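2 protein chains.
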Amino acid sequence: MIARLLACAALLLPLPAFATTHFDHADGASIGRDGTIDRFTGMVVDDDGRIVQLLDFGDTPEGEIDYYIDLEGRIVLPGMIDAHAHVMDLGLASLTLDLSATSSVDEALALVAEYVQRFPNRPWIVGRGWNEVTWGLGRFPTAEELDSVSDRPIALERADGHAVWANSAALAAAGITSRSADPAGGRIIRKPGSRDPAGVLVDNAMGLVLDQVPPPRAQDLDLALHAAQQELFSRGVTAAADMGTTIEDWMTFRRAGDAGRLQLRIMSYAASIPEMLLIGGTGPTLWLYQDRLRLNGVKLWLDGALGSRGALLKQDYQDDPGNRGLNVIDGTQLRNMMSRAAMNDFQVAIHAIGDAANLEALYAIDELSADFTGDRRWRIEHAQIVDSADIPLFGQHGIIASMQPVHQTSDRLMAEARLGPDRLHGAYAWRSIAATGAPLAFGSDAPVEVPDPFEGLAVAISRTDASGQPFGGWMPEETISREKALAAYTAGAAYAGFADGRFGSLAVGERADFLVLDGDPLLSGPDQIRAITVLETWIAGERVYSSED
Amino acid sequence: MIARLLACAALLLPLPAFATTHFDHADGASIGRDGTIDRFTGMVVDDDGRIVQLLDFGDTPEGEIDYYIDLEGRIVLPGMIDAHAHVMDLGLASLTLDLSATSSVDEALALVAEYVQRFPNRPWIVGRGWNEVTWGLGRFPTAEELDSVSDRPIALERADGHAVWANSAALAAAGITSRSADPAGGRIIRKPGSRDPAGVLVDNAMGLVLDQVPPPRAQDLDLALHAAQQELFSRGVTAAADMGTTIEDWMTFRRAGDAGRLQLRIMSYAASIPEMLLIGGTGPTLWLYQDRLRLNGVKLWLDGALGSRGALLKQDYQDDPGNRGLNVIDGTQLRNMMSRAAMNDFQVAIHAIGDAANLEALYAIDELSADFTGDRRWRIEHAQIVDSADIPLFGQHGIIASMQPVHQTSDRLMAEARLGPDRLHGAYAWRSIAATGAPLAFGSDAPVEVPDPFEGLAVAISRTDASGQPFGGWMPEETISREKALAAYTAGAAYAGFADGRFGSLAVGERADFLVLDGDPLLSGPDQIRAITVLETWIAGERVYSSED
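Same order as they appear, the protein sequences are chains A and B. Per UniProt numbering: the first sequence = residues 1 to 549. Per UniProt numbering: the second sequence = residues 1 to 549.
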């Protein structure tokens with residue numbers, strides 16, 4: 001073999017790198033979109049990271065093998081796909097100074113100082129999570145205290161997001177002086193017995209400083225993408241749909257791809273129609289970097305969120321009579337944007353949380369399906385609160401329900417307050433929606449939620465949170481099987497992003513993106529699934545994460 | 001060989017395409033940056049399109065040869081590099097309806113009709129070049145005449161650019177009715193005995209319609225890039241510096257590169273600092289698509305042009321007392337922008353036409369060179385009118401003079417009018433500037449001028465135009481040798497774009513970008529050089545143009 005390699009090397013300039021790898025002794029399973037399980041014990045993966053052979057016990061690989069990897073009988077599953085994430089926001093969040101664990105102002109100042117050291121070139125130091133109450137400080141912290149740490153501008157949000165702690169450089173950048181008046185709905189905390197700003201800005205006064213914070217620099221975006229990839233790999237996520245890609249985000253993905261630093265597979269949905277046209281031009285991009293990046297289409301925001309009472313409802317909010325939420329865009333704008341995208345074969349993903357927004361989206365898809373035929377894979381993102389009467393509409397036109405199981409456990413009490421008991425029958429109703437024939441794709445909405453697919457799997461099959469609440473599950477009739485939940489995190493999420501046939505299944509011809517686990521979610525209860533450790537994460541036959549590193 | 005290939009094929013999945021080509025019987029010459037000529041009779045080019053061997057008469061190629069191409073003793077030179085072009089504008093211009101050759105309104109209408117047919121999906125039909133005087137029409141053309149051709153909006157600029165001929169759809173899009181008043185400095189031609197618009201808009205009224213023309217769609221940009229490549233290849237240009245790349249231009253280049261449709265080599269200079277940062281992020285991009293695309297840096301506009309009296313002069317315009325031209329940006333802005341670019345190692349190319357602008361640029365480069373050391377290759381674009389007293393400053397810091405020889409013949413009479421005889425000693429002074437040690441890079445400023453490097457070569461060595469005027473040449477002391485002129489169109493232009501070692505010379509290790517010609521510019525007079533036909537254009541060992549196609 002080596003001899004023949006050298007013979008080739010002699011006449012190949014340059015020598016093409018190539019290798020075939022045999023992964024042996026896997027306790028492997030691949031999941032079809034319908035939840036069917038295919039077991040295997042080995043894989044042969046070629047130089048492009050594609051599976052060329054799936055092996056059962058006793059099978060022997062065909063052809064030359066250059067490398068052999070013994071998986072020692074451990075559990076192997078397809079890499080998880082997060083069907084709804086914000087990749088750059090996840091990375092940027094992980095780079096932001098977090099003071100939420102501090103128990104004193106001195107501890108916080110020490111953390112800030114350490115962070116200032118770590119990023120000597122950051123023009124601004126931004127953070128969050130302080131709370132003078134838990135510190136037992138009995139007063140707000142001051143600009144002077146931060147001045148002792150750095151003369152670069154510093155802006156730190158309070159844990160509740162209702163105040164900013166700024167140093168003198170930040171106050172100066174915002175032009176806040178003793179002569180500055182409090183803005184409407186905001187307050188500039190003053191020094192005792194003086195009008196001089198003390199260093200804390202409340203509510204609408206926060207913007208005075210926060211508006212001065214420059215957007216992240218390219219090198220920060222590069223760091224953020226790296227951090228996001230590492231976090232996702234450590235949780236077993238090998239691909240993600242990026243829901244709301246800006247042109248800056250896209251250029252960051254391409255910088256990484258061009259330099260060979262893009263390992264995560266990203267299915268991108270532009271943040272606006274103009275950005276969709278700028279990035280894709282005449283249609284979706286090609287699959288770039290060996291199936292690691294593609295602009296599929298556009299994300300459209302139809303309504304707001306439930307917590308802030310922005311979700312568009314058919315009836316008033318139970319806890320806010322007279323309010324039915326807000327239309328971010330109206331039905332005509334929605335249809336115009338959908339048409340503009342569909343006429344160039346861009347995929348459309350519609351953010352719809354309230355029952356009125358979901359019905360509007362379902363109607364719009366139904367209408368546009370008359371003009372735009374073929375394989376469109378219309379997506380509704382979240383599909384959180386749906387009128388049970390409208391659920392059957394998901395069954396038409398193969399509409400994809402892109403849902404985030406963990407929202408159900410995080411939001412259930414809030415949802416009950418916003419809607420009352422009678423309007424919750426179609427809430428987070430993945431089983432009922434799937435029953436109409438609508439394909440399911442599961443995700444996390446990271447960084448809104450932690451991008452942990454195992455937490456999501458546990459919720460999807462149990463409708464209980466990590467503490468087992470509520471006992472027996474919240475609307476337990478909406479639980480689905482382990483197989484179906486796993487499919488929504490793998491083959492289903494790949495289908496939702498036009499990636500089927502490329503990744504999402506461990507099948508011949510697809511990329512070898514897989515996880516090595518210490519437990520089998522197909523044979524575990526919710527608590528066991530939450531406790532599963534991702535031992536290794538592999539993308540295209542290359543290990544990108546090990547729990548031992 | 002074949003047997004060994006198959007042996008490899010057996011264990012290579014997929015089989016790597018590779019081939020070595022022997023180009024034989026060339027009457028070849030490569031030109032060094034200093035104008036030294038290296039003759040050769042053959043090249044061996046590898047699979048990547050790189051030259052692995054240069055052969056002299058009697059040499060035999062080493063190693064296996066897969067393909068043999070006989071150049072039959074024809075003249076072979078390096079592909080020409082246009083050091084200052086506007087690639088997308090060149091392509092868009094070639095796609096614009098041109099009525100300048102029409103001799104009657106009916107002929108023009110026929111051309112419009114044919115164009116409307118050819119582009120059924122263009123929302124607007126835009127063109128230029130009509131002249132009712134040469135038509136002998138005795139009146140302006142009318143909207144009705146265009147209405148007969150298409151109900152899509154049509155806007156056609158008059159030959160002199162001082163009027164627009166519009167159809168009713170265009171007038172409607174602009175909201176021009178009988179109630180519309182003439183804008184200041186403009187006139188809406190009305191129908192006889194009525195206030196209804198007749199279809200022609202003069203001077204400042206042109207904008208009413210032209211502002212309605214949508215920007216080109218992505219598919220138009222793709223067509224334009226294709227057209228630009230074809231035109232450049234047909235003239236022997238294999239690489240270009242794109243001076244003022246917008247984000248839309250860049251995305252068009254990448255679409256072509258991703259799809260394998262980018263053959264031209266593009267050295268890109270962003271149209272603004274924000275676009276530079278958006279495209280490059282942390283610095284110049286990598287060389288993409290096998291040395292076919294790189295963002296080098298940014299183009300900065302310091303002054304305007306001579307024709308419009310926007311060039312910044314030390315003294316008043318001879319033909320416009322009191323006017324010294326305009327600062328597009330002031331010296332402080334220039335230095336700030338240069339610093340912002342240089343701090344991330346972006347290259348800086350400064351547009352400077354007037355003598356005051358050139359001195360400002362020279363001073364700024366001198367100042368910044370103290371902080372930004374290393375290989376910066378500061379560029380001054382055009383360097384058209386320089387005070388002879390300032391020319392020595394080009395010798396410092398290796399400042400590159402990026403000049404366009406054809407501007408000298410096109411502009412000389414206008415330059416004499418603008419400046420008078422006494423201030424022209426440093427005009428288009430390529431010989432004097434080169435004598436200071438400043439590297440020369442020649443280009444065309446296409447589409448302002450035709451991107452014909454042979455015309456440029458003829459002008460560079462003769463300072464006469466195609467009709468031989470003025471006899472003996474305009475300021476003939478500024479002519480340079482054939483060798484130096486050719487160097488400025490090849491190795492010099494490559495060096496100016498950080499492409500030396502990649503392309504620009506026919507040398508071992510560089511890409512095989514070359515021309516097959518029916519005459520040798522090194523042995524020809526100006527008229528013979530202008531008459532040279534590009535028989536074939538090759539990029540990376542692949543033929544991209546043949547005069548026989």
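Ideal placement from N, C-alpha and C gives every residue a C-beta, glycine not left out. Small disclaimer: the values here were computed from a predicted structure and weren't measured.
Would you report the Cα separation of residue i and residue j, rounded to the nearest angstrom?
i	j	result
residue 523/A	residue 265/A	28 Å
residue 366/A	residue 149/A	59 Å
residue 4/A	residue 64/A	Because residue 4/A sits at a pLDDT of 35, beneath the cut-off of 50, its placement in the model cannot be relied upon, and the following sentence gives the value as read from the coordinates. Whole-angstrom Cα-Cα distance: 12 Å.
residue 299/A	residue 526/A	32 Å
residue 415/A	residue 243/B	56 Å
residue 555/A	residue 420/A	Outside the shown range of chain A, which is 1 to 549, sits residue 555/A, and nothing can be said about it.
residue 541/B	residue 361/B	39 Å
residue 202/B	residue 477/B	44 Å
residue 171/B	residue 200/B	9 Å
residue 1/A	residue 78/B	Confidence is the limiting factor: at residue 1/A the pLDDT is only 31, short of 50, which leaves the residue's position unreliable and the question unanswerable from this model.
residue 88/B	residue 283/A	20 Å
residue 103/A	residue 217/B	57 Å
residue 429/B	residue 435/B	10 Å
residue 513/A	residue 482/A	20 Å
residue 628/A	residue 154/A	Residue 628/A is absent from the model: chain A starts at 1 and stops at 549.
residue 68/B	residue 234/B	24 Å
Nearest to residue i by CA position, among the options, is which residue?
i	options	result
residue 400/B	409/B, 390/B and 349/B	349/B
residue 426/A	498/A, 408/A, 241/A and 388/A	388/A
residue 99/A	111/A, 90/A and 69/A	111/A
residue 532/A	518/A, 104/A and 178/A	518/A
residue 59/B	493/B, 26/B and 502/B	26/B
residue 503/A	237/A, 157/A, 284/A and 84/A	237/A
residue 486/B	93/B, 228/B and 80/B	80/B
residue 346/B	317/B, 395/B, 34/B and 273/B	273/B
residue 359/B	423/B, 461/B, 390/B and 468/B	390/B
residue 355/B	312/B, 246/B, 459/B and 397/B	312/B
residue 510/B	344/B, 308/B, 292/B and 403/B	292/B
residue 457/B	407/B, 169/B and 122/B	407/B
residue 108/A	120/A, 85/A, 141/A and 94/A	141/A
residue 169/B	178/B, 143/B, 182/B and 305/B	143/B
residue 464/B	308/B, 497/B and 530/B	530/B
residue 351/B	343/B, 344/B, 247/B and 334/B	334/B
Would you mind telling me which residues of chain B sit closer than 9 Å to residue i, beta carbon to beta carbon, in chain order?
i	result
residue 279/A	251
residue 517/A	Ordered by position in chain B, no residue passes the 9 Å Cβ test against residue 517/A, which lies about 29 Å from the chain.
residue 490/A	Within 9 Å Cβ-Cβ: nothing; residue 490/A doesn't reach chain B, min ~26 Å.
List, in chain order, every chain A residue whose beta-carbon is nearer than 8 Å to that of residue i.
i	result
residue 288/B	258
residue 464/B	By Cβ distance, chain A contributes nothing, its closest Cβ being about 44 Å from residue 464/B, past 8 Å.
residue 436/B	Simply none; closest approach about 37 Å.
At 7 Å on the CB atoms, spell out the chain B contacts of residue i, in chain order.
i	result
residue 282/A	218, 219 and 222
Show which residues of chain B have a CB atom less than 8 Å away from the CB atom of residue i.
i	result
residue 60/A	None at all; the shortest Cβ gap to chain B is about 17 Å.
residue 533/A	Here the premise fails: no neighbours, minimum Cβ distance about 34 Å.
Which chain C residues are close to residue i, counting only those with a beta carbon under 9 Å from its beta carbon?
i	result
residue 21/A	No chain C is present in this structure, whose protein chains are A and B.
Could you tell me which whole alpha helix (DSSP H) segments of length 4 or greater appear in the region 467-540 of chain B? 482-488, 491-496 and 526-531
Which residues, taken in chain order from the region 326-349 of chain A, show a beta carbon closer than 9 Å to some beta carbon of chain B? 344
Give me the subset of the region 207-235 of chain B whose CB atoms are less than 9 Å from a CB atom of chain A, sorted by chain position. 217, 218, 219, 221 and 222
What are the residues in the region 241-270 of chain A lying within 8 Å of chain B by C-beta distance? 247, 248, 251, 252, 254, 255, 258 and 259
Mind listing which residues of the region 88-109 of chain B have their C-beta closer than 9 Å to chain A's C-betas, in chain order? none
If we require 4 or more residues per run, which alpha helix (DSSP H) segments fall completely within the region 162-246 of chain B? 168-173, 206-210 and 218-234
For the region 80-125 of chain B, which segments carrying the alpha helix (DSSP H) assignment without a break, of at least 4 residues, lie completely within its bounds, in sequence order? 87-95 and 105-118
Where are the alpha helix (DSSP H) runs, 4 residues long or more, that stay fully inside the region 414-441 of chain B, in chain order? 430-435
Using a Cβ cut-off of 9 Å, which residues of the region 25-44 of chain A contact any Cβ in chain B, in chain order? none
Runs of alpha helix (DSSP H) wholly within the region 241-308 of chain B (minimum 4 residues, chain order): 247-258 and 273-280
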